[in-house]
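Data first, discussion second: the structure below is written as structure tokens.
Numbering (my numbering), first residue to last: 663 to 791.
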């Protein structure tokens with residue numbers, strides 16, 4: 663076999679192998695989002711088709727903002743369940759002082775339990791942590 667012919671054969675084999683690998687790469691299974699935030703990240707990355715395989719209402723979506731609203735609807739029952747658990751027990755889940763202060767500065771006082779629910783100032787809330 664001539665050197666030119668060997669080069670052509672090697673190039674053809676390389677292209678065949680690289681094309682095969684790219685098909686396998688595209689078949690990676692992407693898992694469904696675990697919470698509303700993960701769903702919204704997928705929307706912002708234009709992953710409507712992947713979300714459409716998870717829930718049909720996302721299939722024809724083209725707008726990330728509308729998609730994010732649908733994520734809130736899809737995970738609304740989960741969020742309510744967590745909040746209902748906090749309200750039933752009357753105590754917020756155990757958090758560190760740093761997590762408590764961070765929640766205060768993000769105006770999440772009501773999620774910290776009844777002791778914090780009447781506080782509206784993040785600085786006063788952080789002092790309670």
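Ideal Cβ placement from N, Cα and C applies to all residues, glycine included.
Same chain, Cβ closer than 7 angstroms to residue i, neighbours up to 5 away in sequence not counted
i: residue 695; result: 701, 704
i: residue 717; result: 736
i: residue 706; result: 726
i: residue 784; result: 766, 767, 769
i: residue 733; result: 698, 701, 702, 705
Buried or exposed (CB count within 10 angstroms, at least 16 for buried), residue i
i: residue 787; result: buried
i: residue 713; result: buried
i: residue 776; result: exposed
i: residue 672; result: exposed
i: residue 720; result: buried
i: residue 676; result: exposed
i: residue 708; result: exposed
i: residue 669; result: exposed
Beta-carbon separation (whole angstroms), residue i vs residue j, contact threshold 8 angstroms
i: residue 724; j: residue 710; result: 7 angstroms
i: residue 791; j: residue 759; result: 5 angstroms
Chain-order list of residues whose beta-carbon lies under 6 angstroms from that of residue i (same chain, five-residue window excluded)
i: residue 763; result: 788, 791
i: residue 666; result: none
i: residue 674; result: none
Contacting residues, own chain, Cβ-Cβ under 8 angstroms from residue i (five flanking each side not counted)
i: residue 782; result: 771
Run through the segment 687–723 for me and flag every whole alpha helix (DSSP H) of 4 or more residues, listed as ranges in chain order.
698–706, 710–716
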